[in-house]
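In the working numbering, the protein residues as written are 44 to 742.
We put the CB at the ideal spot given by N, CA and C, even for glycine.
Because the structure is a prediction, the values reported are computed rather than measured.
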Amino acid sequence: MRPAGVRMTAPSRGTGLRSMIRFPARARCDYTGGVAKQSRWPIRALGRNRPLEWEPDPRRASFASSPRDCATIHGVFCRRWTRPVVVDPRPAPAGEVSKAMANRKTVYNEASFRALKGLEPVRQNPGMYTHVVHPLHIVQEAIDNAVDEALAGFGRRIVITLYRDGSVEVADEGRGIPVGMHPDEGKHVVEMAFTMLHAGGKFNKEASESAYVIAGGLHGVGVAVTNALSKRLEVTVFREGAKHSMVFENGDVAQTLKSVKGKEFERRTGTIVRAWPDPKYFDNPNIPQGELEHLVRSKAYLLPGLTTVTRIEGKDGFEEKSWTYKGGMPQYFDAMLGGRELAAPLFTGERFFEEDPKEQSAEIMPGEGAAWALGFVFKGAATTESHVNLIPTRSGGTHELGFRNGIFDALRAFMDTRGITPKGVKLVAEDMWSRACFTLSARIVRTQFHGQTKEKLTTKHAVRLLELCVRDAFELWLNAHPDDGKRIAELAVEQALNRLRKGQKYERKKSSGVATLPGKLVDCASGDTSRNELFMVEGDSAGGSAKEARDKDTQAVLPLRGKVLNTMSKDSRTVLANKELQAIATAIGVDPHGMDDDPDLSGLRYGRIVVMTDADVDGGHIQALLLTFFFMHCPKLVEAGRIYVAQPPLFKVEVPAQGKGKSARRIYCLDEEELDDALALLRKEGVKEDSWEISRFKG
């Protein structure tokens with residue numbers, strides 16, 4: 044059983060990276076030892092031969108000009124750097140790999156070691172500390188500080204101003220950053236905040252000694268990252284009856300602290316931060332106004348009484364928008380649903396532990412808890428949104444897990460008590476959550492996030508905390524509203540019966556939006572299958588980076604958890620019992636099938652399905668397992684030329700700007716040969732050899 048003689052086609056959009064695509068002119072698929080292997084057909088480079096119908100790029104070295112061409116992700120996330128399967132999975136002989144590298148002159152001694160100081164680690168590898176697609180996240184660091192002040196009870200108004208020169212200003216009415224000398228460091232505290240990593244006022248979480256019991260800050264690197272990645276940053280602090288100001292350039296102090304006292308400052312407190320993000324650190328130097336407004340608006344929703352303002356400078360002055368929501372969470376949820384009909388009234392509530400609840404859990408601290416709004420819809424995709432200490436957690440985390448567990452346990456208890464569950468039907472959580480929409484705002488004292496970007500909460504006790512908050516409350520609500528509870532239960536039972544009828548498959552989403560999938564699918568907006576692409580990546584870390592680098596209109600990302608099941612000798616029922624493979628089948632919209640079957644491909648949601656794993660042994664193993672799944676259980680997709688493997692480059696060359704009006708360049712090279720060609724081209728252009736910097740990715 045093999046799709047022999049299948050014609051494979053390469054992605055056709057864009058020309059910038061075509062000379063780097065590798066593919067077989069005509070490939071045949073063999074099954075050998077459980078691994079899909081390419082037969083001995085010639086492999087050609089598009090820059091040298093022309094087996095396809097379009098003209099190849101005549102340049103040997105292609106320059107990426109936008110984040111859609113190249114963006115960092117465990118090496119490089121290249122949307123067009125893909126080749127159709129299948130490739131020989133056997134590694135190249137070690138001699139071939141090392142021969143070219145041996146010809147390069149390298150020195151490795153004591154002088155090779157270097158300790159990065161101050162803000163150097165951020166500038167050296169900004170992707171470890173923030174998103175590099177655009178500067179919004181470094182602005183969010185300043186916004187989060189202002190929100191933390193409001194959350195602590197200081198200041199009720201935050202103003203964000205976006206100027207035409209690319210700078211952005213965040214002003215609050217909080218207590219103001221302390222400006223005195225630090226007793227141990229011998230520096231002004233405000234200077235430490237902007238020039239030292241892991242320095243801040245949010246580390247001590249005991250109420251008796253901390254300025255912030257509940258806050259989003261954890262690592263103490265927030266505004267220091269903002270400063271490190273800005274050409275210029277100005278900070279003004281109103282505190283203790285005076286105006287204090289400092290200026291930084293490229294992360295260093297350009298103007299020492301200046302203080303001016305006056306009657307006009309006696310009653311004024313707060314902090315104003317204005318930053319000019321440095322374009323060289325970002326793929327796109329412009330801050331997306333839509334995302335900025337959504338972020339600022341959500342702060343007002345989640346903290347009733349807080350007023351947030353955006354001021355966008357245009358040719359005719361400033362366009363100002365203001366948000367204040369006294370209704371809080373329910374008002375936010377109504378806006379999020381967009382007028383969709385609910386199967387039952389909204390379930391809203393909040394619970395915060397004011398006293399130490401040692402009888403429930405010794406880890407839960409006073410002030411911790413959550414507020415939520417939950418609704419169930421008849422039609423459409425499930426929409427969810429969660430926050431921790433008013434910071435959006437786009438990838439969910441332990442607070443979402445606890446919330447989901449508590450709600451599902453309450454519904455199951457209600458159904459068991461009233462005998463609603465049909466005989467022989469076993470509900471699973473997805474049966475209920477496929478029709479549930481919610482917004483969740485948790486407050487955690489000791490927060491732990493996955494990475495500095497804080498998109499996923501990993502605080503362990505948050506699971507228990509949220510279960511305590513919502514389980515009993517929802518069960519009481521269901522029993523107080525039995526008719527509404529019955530309608531919610533009927534929705535879940537209907538989903539369970541559909542799942543059983545379809546052979547243990549969950550309902551698929553046919554349109555754009557957010558799907559509730561075990562694999563955390565981040566979907567694209569377009570409904571055009573021919574343009575849509577699905578990237579399957581390793582884990583949430585790669586998924587977060589891919590999500591930032593993707594084209595939101597046409598590219599979806601599905602993070603996978605570890606190595607998937609080896610499906611070489613498994614039947615379709617066993618395959619669908621595996622959560623990761625079930626998530627893949629649900630996401631792509633095609634059921635597992637055999638070579639002799641006639642599957643329904645009308646539900647296919649993506650024109651290209653790309654396996655994008657790390658260029659290491661584990662990544663190669665995951666790639667082989669996924670290809671085995673597609674060849675054994677989705678061969679018609681392979682035959683249709685829908686399956687691709689991402690081929691990341693081995694080298695990146697950073698070339699500084701050459702003269703006025705010219706910008707810096709990044710050149711990505713697939714292998715040693717292309718690196719040599721790129722360097723030769725740079726020499727021909729007159730670029731000095733000591734000016735560029737070469738980085739090698741793993742692989």
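{"Asked": "Taking only runs that begin and end inside the region 340-408, name each unbroken alpha helix (DSSP H) of 4 or more residues, in chain order.", "Found": "372-380"}
{"Asked": "Is it true that the CB of residue 624 sits closer than 7 Å to the CB of residue 618?", "Found": "yes"}
{"Asked": "Taking DSSP's pairing of strands, which residues face residue 287 in a bridge?", "Found": "280 and 302"}
{"Asked": "How close, in whole Å, do the beta carbons of residue 347 and residue 371 come, if the pair is a contact with beta carbons under 8 Å?", "Found": "4 Å"}
{"Asked": "By Cβ distance below 7 Å, which residues in the same chain neighbour residue 308 in space, the five residues on each side in sequence not counted?", "Found": "281, 284, 285 and 286"}
{"Asked": "Within a Cβ cutoff of 6 Å, which residues of the same chain sit near residue 716, ignoring the five residues on either side of it in sequence?", "Found": "none"}
{"Asked": "Is residue 598 buried or exposed, if buried means 16 or more other CB atoms sit within 10 Å of its CB?", "Found": "buried"}
{"Asked": "Once you ignore the five residues that flank residue 368 on each side, which residues in its own chain have a CB closer than 8 Å to its CB?", "Found": "343, 344, 347, 374 and 375"}
{"Asked": "Could you tell me the distance, in whole angstroms, from the CA atom of residue 419 to the CA atom of residue 578?", "Found": "30 Å"}
{"Asked": "Can you grab the Cα-Cα spacing for the pair residue 215 / residue 414, in whole Å?", "Found": "25 Å"}
{"Asked": "For residue 472, tell me which candidate among 440, 503, 532 and 433 has the shortest Cα-Cα distance.", "Found": "532"}
{"Asked": "Whose C-beta lies closer than 7 Å to the C-beta of residue 735 among residues of the same chain, with five residues either side of it excluded?", "Found": "696, 697, 698 and 725"}
{"Asked": "In angstroms, rounded to a whole number, what distance separates the CA positions of residue 442 and residue 506?", "Found": "5 Å"}
{"Asked": "Put residue 734 into one of helix, strand or coil per three-state DSSP.", "Found": "helix"}
{"Asked": "Start and end of the alpha helix (DSSP H) containing residue 664?", "Found": "660-676"}
{"Asked": "Anyone know if the C-beta pair for residue 745 and residue 436 falls short of 7 Å?", "Found": "Here the chain comprises residues numbered 44 to 742, so residue 745 is not present and cannot be evaluated."}
{"Asked": "Run through DSSP, which three-state label would residue 310 get?", "Found": "coil"}
{"Asked": "Tell me whether residue 625 sits in a helix, a strand or coil according to DSSP, three-state version.", "Found": "helix"}
{"Asked": "With burial defined as no fewer than 16 other Cβ atoms inside 10 Å of the residue's Cβ, what is the status of residue 187: buried or exposed?", "Found": "buried"}
{"Asked": "Hey, is the region 447-454 in contact with the region 508-518, meaning 3+ C-beta pairs nearer than 8 Å?", "Found": "yes"}
{"Asked": "From the DSSP output, in three-state form, read off residue 608 for me.", "Found": "coil"}
{"Asked": "For residue 140, does the three-state DSSP call read helix, strand or coil?", "Found": "Per-residue confidence for residue 140 stands at a pLDDT of 42, beneath the threshold of 50, marking its modelled position as unreliable; the derived number appears in the next sentence. Of the three classes helix, strand and coil, the one that applies to residue 140 here is helix, per DSSP."}
{"Asked": "Pull the bridge partners of residue 598 from the DSSP assignment, please.", "Found": "576"}
{"Asked": "Out of curiosity, what's the CA-to-CA distance linking residue 377 and residue 265?", "Found": "32 Å"}
{"Asked": "Ends of the beta strand (DSSP E) at residue 417?", "Found": "412-419"}
{"Asked": "With a threshold of 16 other CB atoms inside 10 Å of the CB of residue 477, please say whether the residue is buried or exposed.", "Found": "buried"}
{"Asked": "Does the region 704-719 come close enough to the region 654-663 to have 3 or more Cβ pairs within less than 8 Å?", "Found": "no"}
{"Asked": "Ignoring anything shorter than 3 residues or poking outside the region 670-724, list the beta strand (DSSP E) runs there in chain order.", "Found": "686-689, 694-698 and 708-712"}
{"Asked": "Could you give the distance in angstroms between the alpha-carbon of residue 703 and the alpha-carbon of residue 197?", "Found": "47 Å"}
{"Asked": "Under the DSSP definition of a beta bridge, which residues are partnered with residue 224?", "Found": "231"}
{"Asked": "For residue 461, does the three-state DSSP call read helix, strand or coil?", "Found": "helix"}
{"Asked": "Specify, as a first and last residue, the run of the alpha helix (DSSP H) that residue 519 falls within.", "Found": "505-523"}
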